[in-house]
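Engineer: Numbered according to the numbering used here, the sequence shown spans residues 10 to 268. Note that CB positions come from ideal geometry on N, CA and C, so glycine has one too. Below is one structure. I have some questions about it.
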Amino acid sequence: MQSECAEIQAQLKDRILEITINRPGRKNALTMAMYTAMAGLLNSAATNPDVRVAIITGAEGIFTSGNDLTDFLGGSADGEESPVFQFMSALYHFPKPVVAAVNGPAVGIGTTMLLHCDLSFAGDDAMFQMPFVDLGLCPEYGSSYLLPRIAGHAKASELLLLSKRFSAQEAVEIGICNAAVAPEQAIVRAREAAAELARKAPAALRLTKQLLRRATQEKGLEFIQDEGRYFKERLASDEFKEAAMAFMEKRPADFSKFD
10 MQSECAEIQA QLKDRILEIT INRPGRKNAL TMAMYTAMAG LLNSAATNPD
60 VRVAIITGAE GIFTSGNDLT DFLGGSADGE ESPVFQFMSA LYHFPKPVVA
110 AVNGPAVGIG TTMLLHCDLS FAGDDAMFQM PFVDLGLCPE YGSSYLLPRI
160 AGHAKASELL LLSKRFSAQE AVEIGICNAA VAPEQAIVRA REAAAELARK
210 APAALRLTKQ LLRRATQEKG LEFIQDEGRY FKERLASDEF KEAAMAFMEK
260 RPADFSKFD
């Protein structure tokens, strides 16, 4: 299988599709073209009998620093037809197991996408953060629904309201990741798990994944859609514009003038 974007690499071997985010010069920040490529790969793999498992990882010891703010300031992230939403939908509805290998920064969707993976292995150099409020935005990808169910309301509030950074070990304790390992072992463990899954009965795997997610599937999609509408509004807000300019100017955002 081939990626439509040079910054998203894809390799299919032994019925395992490995997708690598490969933009290390920008800390693997995600552009619209990268989202489109990942959505295309997952949608194709969903019905490809040669794919039984998918792995998502990042190049050069970086998972992803989140969204490329230049794309978001350009307004290209709006609506359910946007590349971002298409990727979210492709991963959310992907019927086969997805394993993540995480190193370095996993910011924004770099953390929230793990809520939709089936297994995740993090190097102990990984650092997670969902800084939506700090950017004048709101939670996305169903995180306002799924995170309290996984971590409890108090912890979810800490991570989302305070935009608190947290370590690989904390991610394991919260229930976002399966294990924290030495940095070089994250992809090794992910590949081992994927290989084990690829040897199992494929229809039984798909059914088991479906049953595991049935309780949250419908409600989760409702939250993703609601969050998406609010997120679109926030992208047009003065708070987001101030946060984005502050980020680019490498200064603290000043929200003192807002109600």
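Taking all protein chains shown into account, do 16 or more other C-beta atoms lie within 10 angstroms of the C-beta of D269, making it buried, or fewer, making it exposed?
Structural biologist: The chain is shown from 10 up to 268; residue 269 falls before or after that span and cannot be answered.
Engineer: Return the chain-ordered list of same chain residues with a C-beta closer than 6 Å to the C-beta of A262, the five sequence neighbours on each side being excluded.
Structural biologist: Only E251, A252, A255 meet the Cβ criterion.
Engineer: Taking the Cβ atom as the reference point for each residue, do V108 and A213 lie within a distance shorter than 8 Å?
Structural biologist: No, Cβ-Cβ distance for V108 and A213 is not below 8 Å.
Engineer: Mind checking which residues open and close the beta strand (DSSP E) that includes I7?
Structural biologist: Missing from the structure shown is residue 7; the chain here goes from 10 to 268 and no further.
Engineer: Take the Cβ of P104 as the centre, count every other Cβ of all protein chains shown within 10 Å, and call the residue buried at 16 or more, exposed below.
Structural biologist: That one is exposed.
Engineer: Suppose you measure from the CA of N112 to the CA of F264; what does that come to, to the nearest Å?
Structural biologist: If I take the Cα positions, the gap works out to 32 Å.
Engineer: For the candidate residues A99, K36, F81, A191, whose alpha-carbon lies nearest to that of G145?
Structural biologist: The shortest C-alpha separation from G145 is found at F81.
Engineer: Look up L82 in the DSSP assignment and give the residues it is bridged to.
Structural biologist: L82 is not bridged to any residue.
Engineer: Just to confirm, are E13 and G49 a CB contact at a threshold of 8 Å?
Structural biologist: Cβ distance < 8 Å, so E13 and G49 count as in contact.
Engineer: Alpha carbon to alpha carbon, what distance is there between E16 and G67?
Structural biologist: Spanning the two alpha carbons is a distance of roughly 10 Å.
Engineer: Output the distance between the C-alpha atoms of P157 and I183, rounded to the nearest integer angstrom.
Structural biologist: Their backbone Cα atoms lie some 10 Å apart in a straight line.
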